[in-house]
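Reviewing the structure listed below.
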Amino acid sequence: MNDIEAAFHQYFEIIDADTPELLKTVFDLRYRILCVHNVIPGFDTNNYPNELESDQYDSHSIHFLLRHRPTNTFIGTTRLILPNPLDPMDKFPTELNTHFYPGFVLDSSSRKHTTEVSRFAILSDFFKRKGERNMLSQSTEIGCKAQERRRFPHPMLGLVVGLIQLCARNNIYHLISAMEPALNKLLGFYSLQMNPIGPPADYHGLRTPYYLYLPDLLDRMYQDHRSLWELITDHGRIWPMNLACIHQKTLKTAYTDNVYISE
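The sequence shown begins at 10 in our numbering and counts up one residue at a time.
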């Protein structure tokens, strides 16, 4: 076990929100982050009288929570919006609220292995970093020791670990999301950046639509950040080191950044 794995398991735990009680915790946490702490455009507290933030996409999403072990506190959450089981061609929120470049295509056979990463959120009073702006993944440092900060640089990675492992369990290979470019730049420090597939749009603030083919990210991470790859894939047990079989089974039709892989 490498140092970052040891630190992750010491400080963080990923919890599947698969019970009504845990889902209520998810919605409560989202309300506090989006509506109260960060005041994200479009998330007015008056629209949530029960102080639970949820919408119509939650019914066909999978959710998880990030728990900070030393304080036994839930500090973050993310959901993966799956294709609508009643209408698999139903558009994802990013498709409805942003514009894609004409060359980007996500066809029907790819959509069944597609998710939208949404509500990527960490409490703004936990691990706040110097120079970072309020954004959906911002975090805090109250009660965190300097050693913890050095060993595990950002709880954002905890959410990334959770979402990639959920993708593995649900046969998801294509990810789309609408996020602030600053967040994508932050992800890039760990080789986790996504590819822009459209211009910025006014959608809960100025956000850009992004796309990621997950096997490409894992290939890149294996080369550039081996310790993170070992953490995220559990040394290849969750995602195999050789992704050729996945590439063959889930070839996509999508243009992004001049890269084309056919179905």
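By construction, the Cβ of each residue, glycine as well, lies at the ideal position given by its N, Cα and C atoms.
As the structure is a computational prediction, the values presented were derived from the model and not from experiment.
- Residue pairing by DSSP places residue 88 opposite 72 and 127 in a beta bridge.
- DSSP places residue 43 outside any beta strand (DSSP E), giving it a letter other than H or E.
- In this structure, 167 is the residue among 19, 213 and 167 with its C-alpha nearest to the C-alpha of residue 131.
- Sixteen is the threshold: when 16 or more other Cβ atoms of the shown chains lie within 10 Å of the Cβ of residue 230, as they do, the residue is buried.
- Looking at the backbone, the Cα of residue 197 and that of residue 169 are separated by about 12 Å.
- Counting only the Cα atoms, residue 104 lies some 31 Å from residue 76.
- The bridge partners DSSP lists for residue 233 come to none.
- Between residue 187 and residue 108 a beta carbon distance of about 11 Å is seen, past the 8 Å cut, so the two are scored as non-contacting.
- In the three-state scheme derived from DSSP, where H, G and I count as helix and E and B as strand, residue 182 is classed as coil.
- If you draw a straight line from the Cα of residue 57 to the Cα of residue 233, it is about 43 Å long.
- Around the beta carbon of residue 18, fewer than 16 other beta carbons lie within 10 angstroms, which makes this residue exposed.
- Distances from the CA of residue 30 to each of 72, 12, 213 and 175 were compared; the closest alpha carbon is that of 72.
- Around the beta carbon of residue 11, fewer than 16 other beta carbons sit within 10 angstroms, so the residue counts as exposed.
- Collapsing the DSSP output to three states places residue 188 in a strand.
- The alpha-carbon separation between residue 134 and residue 192 amounts to approximately 17 Å.
- It is roughly 16 Å from the alpha-carbon of residue 47 to the alpha-carbon of residue 63.
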